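Accompanying notes for the structure given below.
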């Protein structure tokens, strides 16, 4: 297969490594080293997309991240990549790509009809038209989405993996063009630790196609020599295919390194991408500049390209972008392209220069080769629909806003190279917190003062000459290294040789006057991806969208995958002209990360599935697994939920477990409860301040329940604390609240009460805790523990004893969260399984039954015991919960003062109550809202909601807890719980304690 | 992501810390003697300062010490770090 537009010589492609790829279903040849764009151009394929609104044919415009048209979907299935820029995709054997925006097809496009009615599709069209009728929006939206194109995300799970890498360096350099490499060289020679990241397949930037020599060598020779020298420094890393996409606070930058996408699938090894999270002491931004288009009628036709892109394709990829070119410029840089075309044997049909008197070194060189530009002129229109056929040239008036007359010249060509000057890529500078300033000489925004330890050099600072880039880079590299303590500048070898600085010599031309007989700004495109024309900007300005942020959202200027890298500046300038203000006061839209799109895979990295969040397992987890437990997530813990026997439903299993706990003996793994060891002479005083009840009276060997409030008086946690010694306590917290409570206690100790001598240690994982529950629990524990007196008189409720359980050192406490006689056996976690199995054996004669959290919930709800976070939601006081009995009236504690706040003290607050549904088999839905009347229609005032609801095995009926306005005074009344399907269920308000109100069982 | 110099451990990434908000909020020593308005001020009202701001930070995934950071809320520049005094936050 031949590549008709491939030049015979030159370029950095590997002609000995041919590659076959497919585009829109057709096979094409290319070479390793090609981008998808360069390979398509080599095959004569220019038209690659349809524009999203008018569906006009669109071609490749640029050669880098700024490309607005050549947006493709890569590959198929789970590895497909949407919205890749063909200019940044390296081809490899087997690559398949298709245009994302050409439904139903690129060649024959139904929707190009939109182009014929474009006068009906102005800016804001969708807002204005599809607003009515309101209910139709979802139908419109579906159609618009489909018509608007852009890629589709893979539906399958991503088979690849991605990594993150944390790194530190003295100097991070974004961009490995001439400025970045000169900076790297200086910093490396100074001895600094350096990372240089460049988004392209190889470092070099503009050196890969530059004409000028450095130190008397061709630019690519200097590049090779520089990279070789950098490779000798062990503390210097040069990353290719690595985009610095975010600049965050305190010199924290993120880099996306693409590791395998450039390889055929069978040669891919390791992670697909890697995110570098770099903390740099100094940053050098050398991100270069982006050439901007000129705005003239039909400037979107395939075959209209950036002049620098033509140079890139010619010199770097050995591709002829056309046979006969017209170059249209307002500055000197495009004459380098003219010379490149002449060198490659491509005809230059005309050079159209907006300036009256062209000047500059490239112009002089071109003049010596016989180029005579049409000066003071502009390309005002383009002939040809699917490809450029001719340029229409006219003479500009003196101020550039009107034509000199109505005469035009038609110049046949198949390529129009445009250069409207360069826009410094200030994205990273702006992300760092800086505010770009408008520079008249550059006619663009340049970085203002640095706000972080950072320097901008070269093109991104508005210094477009190679010599300036090299010099600035070298100086910045030296200075940045010095500031990180690497000062060997005195012995540095000389930097790259400098050339004479030359002037950019630009005449600003933001909008070419309309050709005779055309409407103002129509089909003069600013944003090719979003089909925004100069006329849209005029319309927006007329309708009052004067802020650039409003302009952006009204017209879509600057959205999409390219984020306005090409066209934004022209749009801002035209808006400024329309409003009669200068560009500086119009300003820019906000530059946000990411500079170019980053895949979700890379952002997620390994933080997926089991690695998304830590999973905490108790020491008994293996036993639970072996015994068929179903698990539930409680915070980060996996807790046994219930233990179904073969063929048993959850409901049946829970009833069996409940029955065992109330009538025999049952055992639960309670190890997940938070445990905080509290020591120090002021420990009791500390507890007194953080709990609502009195702790000075607790004796060694006793346990006490405590309720912890926030300072606003609302319940935040609860648990039992035991006094282990004179100055030693062990606090337990809820499973989910452990970390929060620990942080809370530390904060009060350190910031408010540093005078208290108290020390906290989290010991949650040190202990395994087994709750042995039920009338036969005493016999069970006693049979494996010989050194504790289990008589009720010697070992009363809410006390603990130290002893040996199954020969393991244990602390056994009489604590009950079920209302039953119960023992909580605590042993060092390493003994957990041994002791658990010993207790299972000991309880076997009584039918000991392991139970999970569901049964625990049923048992505690039967007793009206709350779960903080389920029955409370951060808006309930102890009084709301009917727990006045635990609130001291004789001391201060956190939250107490708030009880007398107007809102906390008002009547009619929600209070905890019990509910019994009229139908005893109906388990009311948790979260079900409560209404006072059975007949209701929305909107309705709800007076409360169900917080806990279960079927009680012990009572043989359903029970529920709820919070209800003024609930306690309403005992006996009937309310109605909404079931979520329009129906309600009547229920009677009861006391929240359903079983053994006197507490005989647990004291037994 | 901020780089915060813990006075005990040295410079560490922000992800190791949690921010406790405005520093210098003093709990009334005798809560019963303050009005509801004063109590509400202590409970809820924060200055939302633009510019240099003193705030509490906790080295949650490190030494677990609380300390004070002086930070510019506009530029995020950290101006200084203070250990808590012997009398804690109130000093």
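Chains as they are written, first to last, in the working numbering: chain S, 6 to 1009; chain Z, 91 to 181. The C-beta atom is built at its ideal place from N, Cα and C for all residues, glycine as well. Source: prediction; values computed, not measured.
According to DSSP, residues forming a beta bridge with residue i
i	result
residue 156/Z	148/Z
residue 52/S	64/S
residue 668/S	Note: residue 668/S sits in no beta bridge, so no partner.
residue 171/Z	159/Z
residue 642/S	621/S, 639/S
residue 832/S	773/S
residue 680/S	737/S
Supposed close pair residue i, residue j - CB separation, criterion 8 angstroms
i	j	result
residue 222/S	residue 209/S	Actually they are not in contact, since the Cβ atoms of residue 222/S and residue 209/S sit about 14 angstroms apart, beyond 8 angstroms.
residue 235/S	residue 189/S	6 angstroms
residue 251/S	residue 459/S	That pair is no contact at about 14 angstroms.
residue 314/S	residue 418/S	That pair is no contact at about 16 angstroms.
residue 865/S	residue 823/S	6 angstroms
residue 728/S	residue 704/S	7 angstroms
residue 978/S	residue 994/S	5 angstroms
residue 192/S	residue 482/S	4 angstroms
residue 957/S	residue 863/S	6 angstroms
Pick from the options that is closest to residue i, judged by C-alpha positions
i	options	result
residue 566/S	713/S, 597/S, 575/S, 308/S	597/S
residue 603/S	553/S, 277/S, 963/S, 298/S	277/S
residue 456/S	412/S, 379/S, 289/S, 599/S	289/S
residue 16/S	287/S, 322/S, 103/S	322/S
residue 4/S	479/S, 191/S, 79/S	Since the first residue shown for chain S is 6 and the last is 1009, residue 4/S is missing from the structure and cannot be characterised.
residue 711/S	52/S, 951/S, 739/S	739/S
residue 89/S	70/S, 246/S, 367/S, 82/S	70/S
residue 333/S	481/S, 309/S, 327/S, 790/S	309/S
residue 28/S	99/S, 817/S, 63/S, 901/S	99/S
Backbone CA spacing between residue i and residue j [nearest angstrom]
i	j	result
residue 807/S	residue 830/S	10 angstroms
residue 592/S	residue 73/S	22 angstroms
residue 168/Z	residue 105/Z	16 angstroms
residue 142/Z	residue 177/S	28 angstroms
residue 219/S	residue 378/S	29 angstroms
residue 906/S	residue 128/Z	11 angstroms
residue 168/S	residue 616/S	13 angstroms
residue 713/S	residue 788/S	37 angstroms
residue 882/S	residue 162/S	47 angstroms
residue 538/S	residue 75/S	19 angstroms
residue 389/S	residue 472/S	40 angstroms
residue 669/S	residue 851/S	6 angstroms
residue 173/S	residue 198/S	9 angstroms
residue 533/S	residue 148/Z	50 angstroms
residue 461/S	residue 680/S	53 angstroms
residue 853/S	residue 93/Z	55 angstroms
residue 174/Z	residue 909/S	33 angstroms
residue 872/S	residue 952/S	9 angstroms
Reduced DSSP category for residue i - H, G, I as helix; E, B as strand; rest coil
i	result
residue 73/S	coil
residue 503/S	Here residue 503/S scores only 49 on pLDDT, less than 50, and its place in the model should not be relied on; the value that follows carries that caveat. In this structure, residue 503/S counts as coil in the three-state DSSP scheme.
residue 29/S	coil
residue 388/S	strand
residue 266/S	coil
residue 739/S	coil
residue 375/S	coil
residue 786/S	helix
residue 216/S	coil
residue 991/S	strand
residue 165/Z	coil
residue 281/S	strand
residue 512/S	coil
residue 35/S	strand
residue 96/Z	strand
residue 58/S	coil
Any non-hydrogen atom of the ligand ADP within 8 angstroms of residue i CB
i	result
residue 411/S	This structure simply doesn't include the ligand ADP, nor any ligand for that matter.
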